[in-house]
Each structure stands twice: as C-alpha cells, then as structure tokens.
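This report refers to the structure that appears directly beneath it.
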Amino acid sequence: MFALLSILGIVLGGGLVAVACVVLKHRVFPPKPDEEPREALAEYISMMVGVIYALVLGLALVSVWDTHSSAEAHVQSEAGALHQVYLLADALPPAAEQQARAAAVSYAHQVTSDEWSEMTRREPLGPSGWQLLNRLRDTYETAQPTGAAQQNAGQEAMAQLSVLDEARRGREADAQSRLSSVLWAGLLIGGVLTVGFMFLFGVQRRTSHLVMVMGLTGFIVFLIVLIHQLDMPFGGALGVDAEAFTRYFPGSSG
C-alpha cells in the first residue's frame, strides 16, 4: 500500500510540475494567433493517452493470465503426481501400502481443507503439508522391495514425488504472486485520464458522446475487474479450485 501511495504521489508531483511549466510558458511567452488550435492538441494528447493505456492494459492482462495459467498447471501436475503415487502403492508390501495410501489421502485432505483457504487469503502454507509429503517419501524409501516389480514401482513413485514436490512449490509461489503496484497505479490513473479526456473533448453530438463515454467507461471497468479477479489465482470468481484433487480423492474435500 505504501508503494502504491508513493507512486501516486510521484505521478501527482509530476503533473503539478507540468502544470507550473504550462502556466509559466503562457505568462512568459503568450500564445500567438498562428499557433496550433487547442482542439487539435487535445485530440493528439487524448490519442496518446489511449494508446499508452492500451499497452498498460495488455501488459497487466498478460501478467495475471500467466500467473493464473501457472497456478492451474501446478495444481493439475501436483494432483496427478499424488494420484500416481497412490496407485503405485499396490506394489508395496501390505503394511507399507496401507501407510502410503493413508499418507496420500491425508495430503489431499490437507491441501483441499486447510491450504486452499490459506492460499485464498495469500497466507504462506503451514508445515503440515510438507510433513505429510516427507512421510509419504519416507514410506517408499524405507519399504523393502521383494522383487523387480516392487523396485520399479518404488523408483517410479520417487520420480512422481519429485514432480509433486516441484508442483507444490510452484503452487505456493503462485498463491503469493500479485500484480505490481506500479501496474495497478497505471491502470487506475490511465483509466481516469482516458475517460476524462473523452468526456472533456468529445464529439459535438450529445447522444453519441454520452453513448461513447458510457461504453468506454464500462469496458475499462470490466477489464480492471477482470484483472483483479485473475490476480487472485486461488480466490474470486475465476480462481483455480481444488477439483483436480477431489476428482482423484473424492473424500478429501473440506
């Protein structure tokens, strides 16, 4: 929040400096009759503001969409690897099989019941999930294979656990990721300027002017709301849900 206020203060300070320069210019060098009309200058400035704002919107959308796609991919990869580890427990001795499957189910329940709400609030994940993952890994490492099938299953399970570990770290990083304060400042300031210029220097026909301003304002607000929703990869209306885990482990939903 402090960073955003600092950015807004810098922008406001720059605008005040520009205003002071314009006032000084008009006092020292009054405009001549043959200078460029004000309407042409206003049209040029509004066009530049619109183009720059479109670039800021595009950059923000790409940023939040990449984070959202990354979160979805990490969840799918983690749930798939956990399911494979659960299935590979068939090749373990009976006692180790029961321990591995119980740890896998507990891990899925921990993710869906506790960690999902923490990610929605952008809180760091607690140690419980890592402890369950370590318990699952220890079960496969300490199991004594009695044949080639069990040995191969153990090696494949360890490979899947590495995938699960990496995907979990990625999911945790995605939950902490958020759009830069600089981009949020650009979105808000640019939106106000774009609509403001169109409102002040619009077309002459009142009905057309009102329709254009209303349409542009609604579209900008829609994009900002969309960016805000995508900026919460595990929350909001567009957030990634835990369906990937509950599909493999139906009883794990909290």
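Numbering (this note's numbering), first residue to last: 3 to 256. All C-beta atoms, glycine included, are put in the ideal place defined by N, C-alpha and C. Predicted, not measured: the structure shown is a model, and the values here were computed from it.
Residue closest to residue i, alpha-carbon to alpha-carbon, out of the options
i      : options                        : result
Ala73  : Arg249, Ala150, Leu232         : Leu232
Gly172 : Ser71, Ser108, Ala150, Leu59   : Ser71
Thr219 : Arg123, Thr196, Val51          : Thr196
Val184 : Leu212, Ser65, Tyr46, Gly238   : Ser65
Asp243 : Glu117, Gln152, Leu90, Gly149  : Glu117
Pro235 : Phe251, Ala177, Gly217         : Ala177
Glu99  : Ser210, Ser179, Gln152, Val194 : Gln152
Tyr109 : Glu125, Gly131, Leu89, Tyr55   : Gly131
Ala93  : Phe221, Gly149, Glu174         : Gly149
Phe251 : Ala97, Asp167, His111          : His111
Ser48  : Ser179, Val194, Asp167         : Val194
Ala75  : Ala175, Thr209, Met216         : Ala175
Neighbourhood of residue i by C-beta, 6 Å cutoff - its chain only, sequence neighbours within 5 removed
i      : result
Gln162 : Ala83, Gln86, Val87
Ala246 : Val77, Gln78, Ala81
Ala91  : Glu99, Ala102, Arg103
Ala155 : Leu90, Ala93
Ala159 : Val87, Leu90, Tyr142
Tyr55  : Gly192, Thr196
Val165 : Ala83
Ala169 : His76, Ser79, Glu80
Ile222 : Gly193
Asp167 : none
Gly128 : none
Tyr217 : Before going further, note that residue 217 is Gly rather than Tyr in the sequence given. Contacts found: none.
Distance between beta carbons of residue j and residue i, contact taken as under 8 Å
i     : j      : result
Val53 : Phe199 : Their Cβ separation, rounded to whole angstroms, is 12 Å, which puts Val53 and Phe199 out of contact at 8 Å.
Residues near residue i in its chain [Cβ-Cβ closer than 8 Å; skip 5 each side]
i      : result
Leu181 : Ala62, Ser65, Val66, Ile229, Asp233
Ala239 : Gln231
Pro126 : Glu120, Glu174, Gln178
Thr209 : none
Same chain, Cβ closer than 7 Å to residue i, five either side skipped, listed in chain order
i      : result
Gln101 : Thr141
Ala145 : Leu94, Pro95, Ala98, Gly156
Gly237 : Thr122
Leu134 : Ala105, Ser108, Tyr109, Gln112
Thr69  : Asp176, Ser179, Pro235
*Per the contact definition of three or more C-beta pairs closer than 8 Å, is the stretch 183-196 in contact with the stretch 217-227?*
yes
*Along the chain, which unbroken stretches of the alpha helix (DSSP H) at least 4 residues long are found entirely within the stretch 144-194?*
150-178
*In chain order, each alpha helix (DSSP H) run of at least 4 residues that lies wholly inside the stretch 34-93*: 40-90
*Within the chosen definition, does the stretch 105-112 reach the stretch 132-143 through at least 3 CB pairs nearer than 8 Å?*
yes
*Segment contact flag, the stretch 114-123 with the stretch 59-71, C-beta cutoff 8 Å, min 3 pairs*: no
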